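Colleague: Dropping a structure here in structure tokens format, bear with me for questions.
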Amino acid sequence: MPSDIKYRDLISRGTLVRRSLALLALCLALTACQKKETPKSAPALAVDATRLTNADQDNGNWLTVGRTYSEQRYSPLDKINTQTVKQLSLAWSLDLDTARGQEATPLVVDGVMYSSSAWSKVQAIDPTTGKLLWQYDPKVPQERGVMVCCDVVNRGVAFWKGRVYVGTIDGRLIALDAKTGAEVWSVITVDQSKPYAITGAPRIVKGKVFIGNGGAEFGVRGYISAYDVDTGKMLWRFYTVPGDPAQGFEQPILADAAKTWKGEWWKLGGGGTVWDSMAYDPELDLLYIGTGNGSPWNQRIRSPGGGDNLFLSSIVALRPDTGEYVWHYQTTPG
């Protein structure tokens, strides 16, 4: 075990360097364009459904992890190109006081950068100077680190009407005041007696914040939950794999999904966690989620006799207001 820890730390340090360089490159790009491109008339408090829906026209900002609801992560800014890239140089750097991996895509909202780092910490940063405006530490118990397959990383935050939202390694969803970093509310989204973890970024649609979780490597059952952005009240939950048929099914579609499993899969968790990817189509009003691998990996153990094992390794379309199942496409049956 000690040698494994050292190995993971070395990998994490390498990741830190790579992620830091990527962050600096982004900062340089933003610094070059911020003054001319950032709209001055749209205060951060106005980041709402209308603004997120039209994020593709908001060139000077990066309002959600994928920049737009379509999650294409494409920036239309063109100040940095094949001709000007050679002029880039270090503008600033910020020590994030950790040697663990950095995997967040920073948001930029009206002149402030919001990002997250290892152990689910959140930072607000001046993108022009690199000055740390505030940092929030959710104080995740260090022992929770053993319940994460791939380091204690965090992939980013969400922003809505003056609040920043983050998921934590120990399964909490937290809302922060964007100006001060003060905690507004916090809810536990998982059974903390089980090896669940959150490393993915929340997404927000129409006043609902969506969060999934990870842990399929360790025997959990996947799901995605929706919470009220103002209060933290859970509005709905969609399970991605069926539970024990004797206990009934949370959603009607899970009765059909159960027909694609064999044996007593529910005793092993099933997997299918929604550990990050989501996208939203405002015209169709559909939330798309990606589900992960089965638990355990070996189907001969997980589902003796085979089967597609829905909804593992799938894209699932849901109604964001209710969590109602609409359709799915399984990329890797079984």
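In this note's numbering, the protein residues as written are 65 to 398. Cβ atoms here follow ideal geometry from the backbone N, Cα and C, with glycine treated the same way. Please read all numbers here as calculations on a predicted model, not as lab measurements.
#1: Taking buried to mean at least 16 other C-beta atoms within 10 Å of its own C-beta, is Pro202 buried or exposed?
#2: Look at the Cβ atom of Pro266, then the Cβ atom of Ile275, and state whether they are nearer than 7 Å.
#3: Can you give the beta carbon distance from Ala239 to Tyr229, rounded, assuming they're within the 8 Å contact cut?
#4: Indicate whether at least one CB of chain C lies closer than 7 Å to the CB of Pro140.
#5: Looking only at its own chain, which residues have a Cβ that is under 7 Å from the Cβ of Gly367, when we skip the five neighbours before and after it?
#6: Measuring alpha carbon to alpha carbon, tell me which residue in Val111, Ile365, Asn218 and Gly354 is nearest Thr162.
#7: Please report the distance separating the alpha-carbon of Ser157 from that of Asp120.
#8: Check Ala106 in the structure and name its three-state DSSP category.
#9: Are there 16 or more other CB atoms within 10 angstroms of the CB of Arg131, so buried, or fewer, so exposed?
#10: Would the beta-carbon of Ala168 fall within 7 Å of that of Val176?
#11: Which of the three DSSP states, helix, strand or coil, is assigned to Ala119?
#12: Enumerate in chain order the residues of its own chain whose CB-to-CB distance from Leu92 is below 7 Å, with the five nearest sequence positions on each side excluded.
#13: Between which residues of its own chain and Trp249 is the CB-CB distance below 8 Å, once the five residues before and five after are set aside?
#14: Can you give the Cα-Cα distance for Leu116 and Pro170, rounded to whole angstroms?
#15: Whose C-alpha, out of Val210, Tyr178, Gly194 and Asp215, is nearest the C-alpha of Tyr200?
#16: Where do the N-terminal and C-terminal ends of the alpha helix (DSSP H) with Arg364 fall, by residue?
#17: In chain order, which alpha helix (DSSP H) runs of at least 4 residues are fully inside the stretch 293-348?
#18: How long is the line joining the alpha carbons of Trp361 and Thr337, rounded to whole angstroms?
#19: DSSP state of Val221, grouped into three classes?
#20: Any heavy atom of the ligand NAD closer than 6 Å to the CB of Gly209?
#21: Leaving out five residues on either side along the sequence, give the residues of the same chain with a beta carbon under 7 Å from the beta carbon of Arg285.
#22: Tell me, to the nearest whole angstrom, how far the beta carbon of Gly371 is from that of Gly398; I am working on the premise that it is less than 8 Å.
#23: Who are the near neighbours of Lys270 in its chain, counting only those whose CB is closer than 8 Å to its CB and skipping five residues on each side?
#24: Roughly how many angstroms separate the alpha carbons of Glu314 and Asp349, rounded to a whole number?
#25: Starting from Met400, follow its DSSP beta bridges and name the residues at the other end.
#26: Starting from Gly231, trace the beta strand (DSSP E) in both directions and tell me its first and last residue.
#27: Taking all protein chains shown into account, decide if Trp126 is buried (16 or more other Cβ within 10 angstroms of its Cβ) or exposed.
#28: Per DSSP, what kind of secondary structure is Cys97 in: helix, strand or coil?
#29: Quick check: what's the CA-CA separation for Ala381 versus Trp183?
#30: In chain order, what residues of the same chain have a beta carbon less than 8 Å from the beta carbon of Ala321, not counting five sequence neighbours either side?
#31: In the structure shown, what three-state DSSP assignment does Trp249 receive?
#32: Mark Tyr352 as exposed unless 16 or more other C-beta atoms lie within 10 angstroms of its C-beta, in which case mark it buried.
#33: Taking the alpha-carbon positions, what's the Leu299 to Gly358 distance?
#34: On the CB-based measure, 16 or more other CB atoms within 10 Å of its CB, does Leu160 come out buried or exposed?
Modeller: Judging by the given coordinates:
#1: buried
#2: yes
#3: With a Cβ gap of about 5 Å, Ala239 and Tyr229 count as contacting.
#4: This model lacks chain C altogether; it includes just one protein chain.
#5: Reading off the sequence, residue 367 comes out as Ser, not Gly. If we look at Ser367 and ignore the five residues flanking it on each side, its Cβ neighbours are Trp325, Lys326, Gly327, Trp329 and Asn373.
#6: Asn218
#7: 28 Å
#8: Bear in mind that the predicted position of Ala106 carries a pLDDT of just 42, short of 50, making it unreliable; the figure below should be weighed with that in mind. Correct three-state label for Ala106: coil.
#9: buried
#10: no
#11: Look at Ala119 here: in three-state DSSP terms it is helix.
#12: For Leu92, the predicted structure reports a pLDDT of 41, less than 50, and the residue's modelled location is therefore unreliable. The matter cannot be settled from this model.
#13: Ile238, Ala239, Thr295 and Gly296
#14: 16 Å
#15: Residue nearest to Tyr200 within the set Val210, Tyr178, Gly194 and Asp215 is Tyr178 (criterion: CA-CA distance).
#16: Gln363 to Arg366
#17: Runs of the alpha helix (DSSP H) inside the stretch 293-348: 317-322.
#18: 13 Å
#19: coil
#20: With respect to the ligand NAD, the structure shown offers nothing to examine, as it has no ligands at all.
#21: Tyr303, Val305, Gly307, Gly333 and Gly334
#22: 7 Å
#23: Ala113, Pro384 and Asp385
#24: 22 Å
#25: In the structure displayed, the chain extends from 65 to 398; residue 400 sits before or after that span and is not available.
#26: Gly231 -> beta strand (DSSP E) spans Arg227 to Gly231.
#27: Burial call: buried.
#28: The pLDDT assigned to Cys97 is 44, lower than 50, so where the model puts this residue is not dependable; a value taken from the coordinates is nonetheless given after this. If DSSP states are grouped into helix, strand and coil, Cys97 belongs with the helices.
#29: Note on geometry: alpha-carbon atoms of Ala381 and Trp183 lie some 30 Å from one another.
#30: Val305, Pro306, Leu374 and Phe375
#31: strand
#32: buried
#33: Computed Cα separation, rounded: 26 Å.
#34: buried
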